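Working notes, structure below.
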Amino acid sequence: MEHALKILGKASSINVRKVLWTCEELGLSYEREDWGSGFASTHSPEFLRLNPNAKVPVIIDENGALWESNTICRYLAGKHHHHHAELLPTEPAARARVEQWMDWQAIELNPSWSHAFMALVRKDPEFQDPEFQDPEFQDPHRLDVSVRDWNQKMGILEHQLATTKAYVAGPTFTLADIVIGLSVNRWLMTPIERPDYPAIDEYFRRLAQHPGFLKHCCNGLP
């Protein structure tokens, strides 16, 4: 018997939104609790028992607690494969292409924008977090380097989308589009100079055809 899915994490978190959008695509019901900056502390003993990294999201179901947003998305898509099989293919090569781009988002793309986003967006009163008021985020050279790296990584995505002319891993919408779609939204909403990437622009409009896009991706949050 399946237990109700519980999601721990504030709805404004980009990593929590990956999971919420995945649930929307799969038609899953869930309960969500606010955890993270401004809400219940992820450094509390209660939370650390669930995720020793003190990060959101965490999910809890009949199999226990699970953390790491991309892993959670894979787990949910695999568990409910019959609902939306194309989100995470079972054929090894097709699945590897999806996971390749999910891992690229986490390992290559995220580090490139981290400094620029913290320096330009986290200082905004709406998103202020004391953790990011460090003087290092006021260094203009580091900011320029981060913006350049970010745009270079987005150029890799532009080339991929110009090749597929559809979605990140090919002609079909997959989990890779959820995690990268949210990253594209962040890139578009951060006040930086951006190259003209027409394939990314078309891609972002294409994502609007999918459940959860307006609710959890293009919803006014970076």
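The working numbering puts the sequence shown at residues 837 to 1058. Where a beta carbon is used, it is the ideal one built from N, C-alpha and C, also for glycine. This one's a predicted model, so the numbers in the text were calculated from it and none came from an experiment.
Could you tell me the distance, in whole angstroms, from the CA atom of residue i to the CA atom of residue j?
i	j	result
Pro1047	Leu856	11 Å
Ser849	Glu927	31 Å
Ala955	Gly874	19 Å
Pro1034	Arg931	27 Å
Leu1057	Asn906	19 Å
Gln974	Ala952	10 Å
Arg1030	Asn899	43 Å
Thr1083	Glu922	Here the chain covers residues 837 to 1058 and nothing more, so residue 1083 does not appear.
Pro947	Arg958	16 Å
Arg933	Tyr1039	18 Å
Leu1050	Val892	21 Å
Tyr911	Leu864	13 Å
Ser877	His916	31 Å
According to DSSP, simplified to helix, strand and coil, what is residue i?
i	result
Lys790	No answer is possible for residue 790: the residues shown for the chain start at 837 and end at 1058.
Glu962	Residue confidence for Glu962 is low, a pLDDT of 45 falling below 50, so the modelled location carries little weight; the figure read from the coordinates is stated next. Reduced to three states, the DSSP call for Glu962 is coil.
Phe968	With a pLDDT of 47 at Phe968, under the threshold of 50, the modelled position of that residue is not reliable, and the figure given next carries that caveat. Helix at Phe968.
Ala913	helix
Glu944	helix
Tyr1039	helix
Lys989	helix
Lys842	strand
Asp777	Residue 777 lies beyond the range of the chain shown here (837 to 1058); nothing can be said about it.
Can you check which of these residues, the options, is closest to residue i by C-alpha distance?
i	options	result
Ala913	Val892, Ala901 and Glu935	Glu935
Glu867	Val894, Met990, Thr878 and Arg885	Val894
Phe1041	Leu1024, Pro1031 and Arg1030	Just to set this straight, residue 1041 is Arg in the shown sequence, not Phe. Selected option, being the one with the closest Cα: Leu1024.
Ile1036	Gly872, His879, Pro1027 and Val1004	Val1004
Asp985	Thr999, Phe1009, Gly1006 and Ile1028	Ile1028
Glu860	Ala876, Val1020, His920 and Glu1038	His920
Met990	Glu944, Gly1006 and Leu884	Glu944
His1052	Ser880, Trp937 and Lys854	Lys854
Leu924	Gly1006, Glu994, Asp1032 and Ala1044	Gly1006
Gln941	Cys1054, Thr1000, Leu993 and Val983	Leu993
Ala901	Asp1032, His879, His839 and Ala929	His839
Val1068	Thr1026, Ala1044, Leu997 and Gln996	Only positions 837 to 1058 of the chain appear in the structure, and residue 1068 is not among them; the question remains open.
Asn987	Pro881, Val1020, Ser880 and Asn1055	Val1020
Met938	Asn851, Ser880 and His918	Asn851
Just checking: is the beta-carbon of residue i within a distance shorter than 9 Å of some beta-carbon in chain D?
i	result
Arg1030	No chain D is present in this structure, which holds just one protein chain.
So, under 8 Å CB-CB, residue i and residue j are touching, yes? Tell me the CB distance rounded to an integer number of Å.
i	j	result
Leu844	Cys909	Going by Cβ atoms, the distance from Leu844 to Cys909 rounds to 15 Å, so no, they are not a contact pair.
His889	Trp903	Checking the sequence shown, residue 889 turns out to be Asn, not His. Confirmed, about 7 Å.
Arg1022	Trp949	7 Å
Leu841	Asp897	5 Å
Check whether the segment 1009-1017 and the segment 972-987 are in contact - that is, three or more C-beta pairs closer than 8 Å. no
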